[in-house]
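J.: First the structure, which I've put down as structure tokens, then a few questions once you've had a look.
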Amino acid sequence: MSTADTPSAPRPEDSALDAPLDAESVKEAEEQTEALLREHDSASRFRTGLGAWVWIVGGLSIALTLFHLYTGVFGSRPSLIQGAIHLGGATSIIFLLYPINRRVSLTDGVPWYDAVLAILSLGANLYIVIEYRHLTSNLVQIMGFREVDYIVAALGILLVLEATRRCVGLPIVIIASLAIAYSIFVYGMSWQNYAVGTFFTARSGVFGTPIQVSSTFIFLFLLFAVVLIRTNIGAFFNDLAFRVAGRFTGGPAKAAVAASGLQGMISGSSVANTVASGSFTIPIMKKAGFKPHVAGATEATASTGGQFMPPIMGAAAFIMAEYTGVPYAEIIVIAIIPALLYFLGVMLSVHFDAKRNGLGGLPASMLPSWKSLAKRADLIIPLVIIVWMMLDGFSPARAALWGIGAAFVLSFLRKSTRLGFVGIVKMLEAGARTALPVIAACATAGIIAGTVTSTGLGSRLGGSIIDIAQGSFLLVLLMTMIVCVILGMGLPTTANYVVTATIAAPILINNFEVPVIAAHMFVFFFGILADITPPVCLAAYAGAGIAGANPMKTGVTAVKLAIAAFLIPFVFVLEPSLLLQGTIAELIPALATLVLGMMVIAAGLAGYFFGRTSALERALLLIGGVLMVYPHVVVSVAGLVLAVIAVVLQLIRRRGSRGDSPSVADREDASDGAASTG
6 MSTADTPSAP
16 RPEDSALDAP
26 LDAESVKEAE
36 EQTEALLREH
46 DSASRFRTGL
56 GAWVWIVGGL
66 SIALTLFHLY
76 TGVFGSRPSL
86 IQGAIHLGGA
96 TSIIFLLYPI
106 NRRVSLTDGV
116 PWYDAVLAIL
126 SLGANLYIVI
136 EYRHLTSNLV
146 QIMGFREVDY
156 IVAALGILLV
166 LEATRRCVGL
176 PIVIIASLAI
186 AYSIFVYGMS
196 WQNYAVGTFF
206 TARSGVFGTP
216 IQVSSTFIFL
226 FLLFAVVLIR
236 TNIGAFFNDL
246 AFRVAGRFTG
256 GPAKAAVAAS
266 GLQGMISGSS
276 VANTVASGSF
286 TIPIMKKAGF
296 KPHVAGATEA
306 TASTGGQFMP
316 PIMGAAAFIM
326 AEYTGVPYAE
336 IIVIAIIPAL
346 LYFLGVMLSV
356 HFDAKRNGLG
366 GLPASMLPSW
376 KSLAKRADLI
386 IPLVIIVWMM
396 LDGFSPARAA
406 LWGIGAAFVL
416 SFLRKSTRLG
426 FVGIVKMLEA
436 GARTALPVIA
446 ACATAGIIAG
456 TVTSTGLGSR
466 LGGSIIDIAQ
476 GSFLLVLLMT
486 MIVCVILGMG
496 LPTTANYVVT
506 ATIAAPILIN
516 NFEVPVIAAH
526 MFVFFFGILA
536 DITPPVCLAA
546 YAGAGIAGAN
556 PMKTGVTAVK
566 LAIAAFLIPF
576 VFVLEPSLLL
586 QGTIAELIPA
596 LATLVLGMMV
606 IAAGLAGYFF
616 GRTSALERAL
626 LLIGGVLMVY
636 PHVVVSVAGL
646 VLAVIAVVLQ
656 LIRRRGSRGD
666 SPSVADREDA
676 SDGAASTG
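Residues 6 to 683 (the working numbering) make up the sequence shown, in order.
Rendered as structure tokens:
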């Protein structure tokens with residue numbers, strides 16, 4: 006999620022945790038948030054001074070949103086026409102909104118060359134609408150395409166790549182360019198055939214599955230998120246999280262994890278959510294005694310995890326349903342256990358780190374009351390409606406429309422969120438502007454996916470990995486993880502998943518008979534984790550910017566906090582029952598040993614269990630935890646034995662210390678905690 010309606014930090018009147026701030030302080034906080042987003046999020050580097058062009062951009066944006074609402078109610082057009090209107094409207098707006106590079110002023114209107122590119126982009130896609138019968142006729146298969154068709158197709162591909170570069174970033178464009186070069190210079194396809202096959206085909210290429218799903222489902226869910234944000238649901242999530250978790254050990258960090266996970270569920274962008282939520286949660290964590298890099302890493306880790314949370318999962322769940330053949334309603338159920346395990350792992354890491362440093366919770370006077378939360382409990386109704394409708398068999402588009410309607414009605418229940426005519430118009434405009442980076446990313450990801458499929462590049466890459474790993478399944482999993490993290494660097498969630506699912510998932514499915522949903526969840530997890538994995542850890546960089554911490558140190562700490570997320574995908578590939586692909590008898594022991602292993606690993610990394618650990622105890626905990634996570638009875642029992650030995654050694658050592666001097670260990674813990682806080 007991005008651009009016009011990025012989730013904003015809670016305003017003073019929204020949250021019981023905020024002290025009243027003057028208008029100047031609020032404005033300063035907003036400017037800091039915008040500056041950080043522009044620095045770390047390509048989707049947020051749009052023009053703010055459009056001049057007279059504001060009417061054209063607004064008109065195109067509103068028209069695009071109304072088109073999707075219309076097709077959502079009355080049914081989509083033929084997939085190629087639906088996709089062409091979807092992409093043409095989006096790319097024309099992108100050229101008017103996003104400058105050619107960072108050096109160009111954002112406040113001096115739209116230069117003539119961007120206006121020309123916007124017209125050409127709209128024209129190339131409208132050409133498909135106008136010439137639809139010709140482009141899809143049997144005569145084309147016999148007589149071939151016309152010269153003008155080749156020119157329009159080549160121009161359309163170039164404009165898609167440029168639009169994507171501007172609002173998404175360079176990494177995905179580089180991957181797509183390499184894919185195109187491979188098709189033409191290595192595979193031997195002529196540029197004419199490649200161009201028309203990529204730009205005029207509804208089954209692959211630009212208008213393949215990603216754009217088809219984006220034009221029917223994803224756009225409506227992004228609009229739903231925009232409407233939901235207008236109801237101030239972000240502030241409600243913050244207050245709910247702090248009420249539930251704020252009073253416990255490390256309460257501010259635990260509350261930040263829960264709140265950011267809930268907001269990330271509707272956000273669709275790790276970086277945007279880190280900045281929006283972090284501007285509120287990170288200062289609170291720092292005041293509570295958390296070191297700046299820990300506060301920034303905690304927020305980045307939680308915000309990244311929001312992409313795993315059903316029912317939206319960063320909008321990737323819809324494409325996953327198309328790729329795997331598993332209904333969307335089943336995917337959001339399957340994803341519940343991995344998502345909850347991710348956040349449990351982060352919570353455990355935060356808990357032991359807080360225990361080690363003597364950091365407590367917030368006083369009751371700083372926490373929102375249950376009464377204030379009950380008054381706003383209606384805000385979750387739209388989410389409940391969507392989940393209920395999806396589980397009851399309604400289409401995603403229909404569920405999204407009902408969710409939009411419910412959130413829109415709720416906005417009128419409070420004066421602060423009530424929309425007039427101008428507010429409704431701005432909401433329609435924000436819906437389109439929010440979707441722009443997702444649409445561009447889906448189109449470019451389609452180019453990559455189409456090339457990998459048509460040229461057999463995916464199977465060649467898979468074969469190379471298997472040869473290097475010499476057939477070892479665990480080594481192949483490890484190498485696939487590395488590939489996914491590298492491919493996911495700098496990509497938004499939807500494009501991230503499309504690229505990793507196309508290139509990496511077949512390696513596991515075709516060569517090792519891994520269940521399809523397990524393979525796709527595996528690559529999805531590791532692609533998203535690129536947002537917190539150094540060196541290109543954009544979410545961690547954003548968190549570090551707010552916390553005033555070292556970016557690389559923040560990234561390393563984020564990986565440490567999210568260590569469970571790097572283990573969970575291996576476990577559900579080895580034991581698919583965690584994805585509900587087995588029996589309860591298989592699920593319960595696998596889940597139990599995984600949770601215990603995560604707890605032991607978190608304690609080992611923090612250097613604290615019942616107290617501070619020695620080097621030997623820490624090593625036993627880490628080794629034992631990893632063994633417990635492995636879903637095999639003998640291995641898990643061996644890990645449990647090592648963990649028990651570590652605990653016994655620790656208790657004996659602490660008892661001996663107390664016997665010699667009753668408070669030595671306690672004084673050590675207290676002094677270390679005070680030093681850390683200072």
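Every residue gets a Cβ at the ideal spot worked out from N, C-alpha and C, and that includes glycine.
Helix, strand or coil: how does DSSP classify R617 here?
T.: Strand.
J.: Using CA atoms only, rank isn't needed, just tell me which of A549, E434 and V331 is closest to V521.
T.: Closest by alpha carbon: V331.
J.: Evaluate E152 with the Cβ neighbour count: other Cβ atoms within 10 Å of its Cβ, from every protein chain shown; 16 or more gives buried, anything less gives exposed.
T.: By the neighbour-count rule (16 or more Cβ atoms within 10 Å), E152 is not buried but exposed.
J.: Identify whether M604 lies in helix, strand or coil by the three-state DSSP scheme.
T.: Three-state result, M604: helix.
J.: Could you round the C-beta distance between E304 and S274 to whole angstroms and report it? I think they count as a contact, below 8 Å.
T.: Incorrect: roughly 14 Å between the Cβ atoms, too far for contact.
J.: What is the DSSP secondary structure of I105, reduced to helix, strand or coil?
T.: Looking at I105 - three-state DSSP - the assignment turns out to be coil, as it is neither helix nor strand.
J.: F313 lies in the alpha helix (DSSP H); which residues open and close that run?
T.: That residue, F313, is in no alpha helix (DSSP H); it is neither H nor E in DSSP.
J.: What's the C-alpha gap between E327 and G455?
T.: Whole-angstrom Cα-Cα distance: 15 Å.
J.: Is P257 helix, strand or coil by DSSP?
T.: Here P257 sits in helix by DSSP.
J.: At the level of alpha carbons, what is the spacing between L55 and F531?
T.: In a straight line, the C-alpha of L55 is about 39 Å away from that of F531.
J.: The alpha helix (DSSP H) with G63 in it runs from where to where?
T.: From DSSP, the alpha helix (DSSP H) with G63 extends over W58 to F79.
J.: Exposed or buried, Y132, counting other C-beta atoms within 10 Å across all chains shown (16 or more means buried)?
T.: It counts as buried.
J.: Buried or exposed, going by whether 16 or more other CB atoms sit within 10 Å of the CB of H417?
T.: First, the residue type needs correcting, since residue 417 is Phe and not His in the sequence shown. When all chains shown are included, F417 counts as exposed.
J.: By the three-class DSSP mapping on this structure, what secondary structure does A159 have?
T.: Three-state result, A159: helix.
J.: With burial defined as no fewer than 16 other Cβ atoms inside 10 Å of the residue's Cβ, what is the status of E518: buried or exposed?
T.: E518 should be labelled exposed.
J.: Which runs of the alpha helix (DSSP H) fall wholly inside the segment 287-335 and span at least 4 residues, in chain order?
T.: As far as the segment 287-335 is concerned, its whole alpha helix (DSSP H) runs of at least 4 residues are 297-310 and 321-329.
J.: Rounded to whole angstroms, what is the Cα-Cα separation between S188 and I90?
T.: Their Cα atoms are separated by approximately 27 Å.
J.: Could you check if A293 is buried or exposed, using at least 16 other CB atoms within 10 Å of its CB as the buried criterion?
T.: Per the 10 Å Cβ criterion, buried.
J.: Do the segment 536-555 and the segment 356-367 touch if we need at least three Cβ pairs shorter than 8 Å?
T.: Touching, no.
J.: Write down the C-beta distance between P215 and A450 rounded to the nearest angstrom, noting that I regard them as a contact closer than 8 Å.
T.: So it is a contact: roughly 5 Å between Cβ atoms.
J.: Can you grab the Cα-Cα spacing for the pair A382 / L345, in whole Å?
T.: Straight-line Cα distance between these residues: approximately 22 Å.
J.: So, using beta-carbon positions, are F204 and A158 closer together than 7 Å?
T.: Cβ atoms of F204 and A158: closer than 7 Å.
J.: When you compare only the Cα positions, how much space is there between Q475 and L513?
T.: Distance between the alpha carbons of Q475 and L513 is about 14 Å.
J.: Quick one: what does DSSP say R5 is sitting in, helix, strand or coil?
T.: What is shown of the chain runs 6 to 683, which leaves residue 5 out entirely.
J.: Can you tell me whether D154 is buried or exposed? The criterion is at least 16 other CB atoms within 10 Å of its CB, across all chains shown.
T.: That one is buried.
J.: Could you give the distance in angstroms between the alpha-carbon of L71 and the alpha-carbon of L433?
T.: Each residue's alpha carbon lies about 8 Å from the other.
J.: Can you give me the C-alpha to C-alpha distance between Q87 and V634, rounded to a whole angstrom?
T.: Spanning the two alpha carbons is a distance of roughly 46 Å.
J.: Within the chosen definition, does the segment 368-378 reach the segment 612-630 through at least 3 CB pairs nearer than 8 Å?
T.: No, the segment 368-378 does not touch the segment 612-630.
J.: For chain C, is any of its Cβ atoms less than 7 Å away from the one on G128?
T.: The question asks about chain C, but that chain is absent: this structure has only one protein chain.
J.: According to DSSP, simplified to helix, strand and coil, what is S195?
T.: S195: coil per DSSP, three-state reduction.
J.: For the segment 619-653, list the alpha helix (DSSP H) runs that are entirely contained and at least 4 residues long, ordered along the chain.
T.: As far as the segment 619-653 is concerned, its whole alpha helix (DSSP H) runs of at least 4 residues are 620-634.
J.: For A40, count the other beta carbons within 10 Å of its own beta carbon; 16 or more makes it buried, fewer makes it exposed. Which is it?
T.: The residue in question, A40, is exposed, as its Cβ has fewer than 16 Cβ neighbours within 10 Å.
J.: Does the segment 160-169 touch the segment 92-107, meaning 3 or more C-beta pairs lie closer than 8 Å?
T.: Yes: the two stretches touch, three or more of their Cβ pairs being nearer than 8 Å.
J.: Check each candidate in V392, G174 and L367 and name the one with the smallest Cα separation from V338.
T.: Selected option, being the one with the closest Cα: V392.
J.: Identify whether F575 lies in helix, strand or coil by the three-state DSSP scheme.
T.: DSSP places F575 in helix when its eight states are reduced to three.
J.: Just the Cα atoms here: how many angstroms apart are A277 and A322?
T.: The alpha-carbon atoms of A277 and A322 are separated by roughly 19 Å.
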